[in-house]
Amino acid sequence: SQQIYINGEYFGRDDAKVSVFDHGLLYGDGVFEGMRIYGGKVFRLREHLKRLWDSAQAIALTIPISMDQMILDVNATVAKNDLENGYIRLVVTRGAGPLGLDPFRCSHPQIIIIADTIKLYPEEFYQDGLELVTASTIRNHPAALSPRIKSLNYLNNIMAKIEGLKAGCVEALMLNHKGEVAECTGDNLFLVRDGVLITPPVDAGILEGITRDVVLELAAQEKIEVREIAITRYDVYVADECFLTGSAAEVIPAVKIDDRTIGDGTPGPITRKLTAAFRKLVGQ
Ligand SMILES: Cc1ncc(COP(=O)(O)O)c(CNc2cccc(C(=O)O)c2)c1O
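Given below as C-alpha cells:
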C-alpha cells in the first residue's frame, strides 16, 4: 500500500498527517517540488532539489536535512512505493507553531514525500492540442511573493485555473505585472514563429521550469534557434505554434488561445520534434 514519508518515517495514506498548527496549512508557509518518475528513477532530481533549496532560502526556511540525505530519502520513497512511472510531490513546511505569522516560532519544518501515479491531461490533448484562455489574474508581482519561488502559496495560480475551467479550458495563460505573457498556471509557455523557438525570460516573472530548461537544451541539440524574449498576447495570436512544458504536463501543444486558432490549428512540426526528443530523453 502507499507509503508516505514524513520526517524520516513512513505512514499509510490514512495515517499520513500534519498538525493543524502547521504554518504550511495555516499560511501556505512552505515550499514544494513536483517531479516525474520515469523507469523507476526521478527525472532531474538534483535540479529540482537545487530549486527547492533556493525557494527555501528565499523564504528564510532552513531545510533540516542535507541535500544528499534528501536524495537518499526521495529515492527510498520511490523504491518503497515500487513506482515504475509516476510522480513525486516533495513538500517542506515551516512546521507547527503558535497562531500568528511569526515563522521563527515554528521549530520543526515538516518534510513530506508523496510518491503517486499522475495523469494530468487525457492523451488526446497531446495528439490534438489543448485550448487556453488568458486569465485576468496576473502572476505575482516579483516584488511581492516572487513567482520564482515554488511556494505552497498557489492561490494566485488557482484563481487563474478557475477562470480557465469556467471558460471550458483545462489551462489558463497568465500575464505578468507588465501585461506581458508569463506562463500558465502550472507550466511554462513556448511559441514557434518562422522556425524560431521563443519563450519568456525568467525575469518575466515566471517559475524557472526544469522542463523548460530541458526543452531549451533539446532545441539547441536540434539546432533550432531560441530566443528568450518578452512576448505579448499579439505574439501568441500570430505564432505558428505554441506548446506548454511542465513536470506534470511534460510537453503539450496549445492550438487555440482566446478563440484564436494557432497556426493551422494542429500541433506544429517543431512542437512534434521537441515532444519526440523529450519522450526519447525520458525513455517513454
Ligand atoms: C507556475 C508554474 N510554472 C511552470 C511549471 C513547470 O515547472 P517544471 O517544468 O519544473 O515542473 C510549474 C510546475 N507545475 C507543476 C509541477 C508539478 C505538478 C503540477 C500540477 O499541476 O499538479 C504543476 C508551475 O507551477
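With the first letter of the sequence shown counted as 1, position 171 gets the number 164 in this note's numbering; the numbers rise by one all the way through. All C-beta atoms in this analysis are idealised placements derived from N, C-alpha and C, irrespective of residue type, glycine included.
Beta-bridge annotation (DSSP): N181 is paired with T238. When L76, G261, L92, L83 are compared, the shortest CA-CA separation from T110 is found for L76. I64 places its beta carbon 8 Å or farther from that of Y(-2).
In its chain, beyond the 5 residues on either side, L125, V126, A128, V163, E164, A165, T178 have a beta carbon closer than 8 Å to the beta carbon of G157.
Contact check for I222 against R132 fails: the beta carbons are separated by 8 Å or more.
Taking the Cβ of A241 as the reference point, at least one heavy atom of ligand 1 falls within a distance shorter than 7 Å. When secondary structure is reduced to three states using DSSP, K34 falls in the strand class. For V189, the enclosing beta strand (DSSP E) begins and ends at 189 to 192. Of the candidates N68, E116, K143, the residue whose Cα lies closest to the Cα of A49 is K143. Distance from the C-beta of T204 to the nearest heavy atom of ligand 1 is below 7 Å. F236 counts as buried, since at least 16 other C-beta atoms from the protein chains shown sit within 10 angstroms of its C-beta. 8 Å or more divides the Cβ of L45 from the Cβ of L94.
Per DSSP, reduced to three states, the secondary structure at T110 is coil, with no helix or strand assignment. Short note on T178: C-beta closer than 7 Å to some heavy atom of ligand 1.
Per the C-alpha coordinates, the member of Y227, L113, Y230 positioned closest to R29 is L113.
Take S139, set aside five residues on each side of it, and no residue of its chain has a beta-carbon closer than 6 Å to its own. The continuous beta strand (DSSP E) containing G5 extends over residues 2 to 5. Inside the stretch 8 to 34, DSSP marks whole alpha helix (DSSP H) runs of 4 or more residues at positions 16 to 20, from first to last along the chain.
For L200, the Cβ falls inside the 7 Å cut-off from some heavy atom of ligand 1. A distance below 6 Å between beta-carbons, with the five flanking residues on each side excluded, links A160 to the following residues of its chain, in chain order: V126. Below 8 Å, enough C-beta pairs join the stretch 212 to 226 and the stretch 183 to 199 to call them touching: three or more. Taking 7 Å as the cut-off, one finds no heavy atom of ligand 1 near enough to the beta carbon of T268.
Nearest to A213 by alpha-carbon distance, out of A89, D7, F271, is F271. At a cut-off of 7 Å, the beta-carbon of L113 counts as near ligand 1: some heavy atom of the ligand is closer than that.
With a cutoff of 7 Å, N150 counts as near ligand 1, since its C-beta is closer than that to a heavy atom of the ligand. When DSSP states are grouped into helix, strand and coil, I131 belongs to the coil group. Under DSSP, Y(-2) takes part in a beta bridge, and its partners are Y3, I106.
T86: member of the beta strand (DSSP E) spanning 79 to 86, first to last residue.
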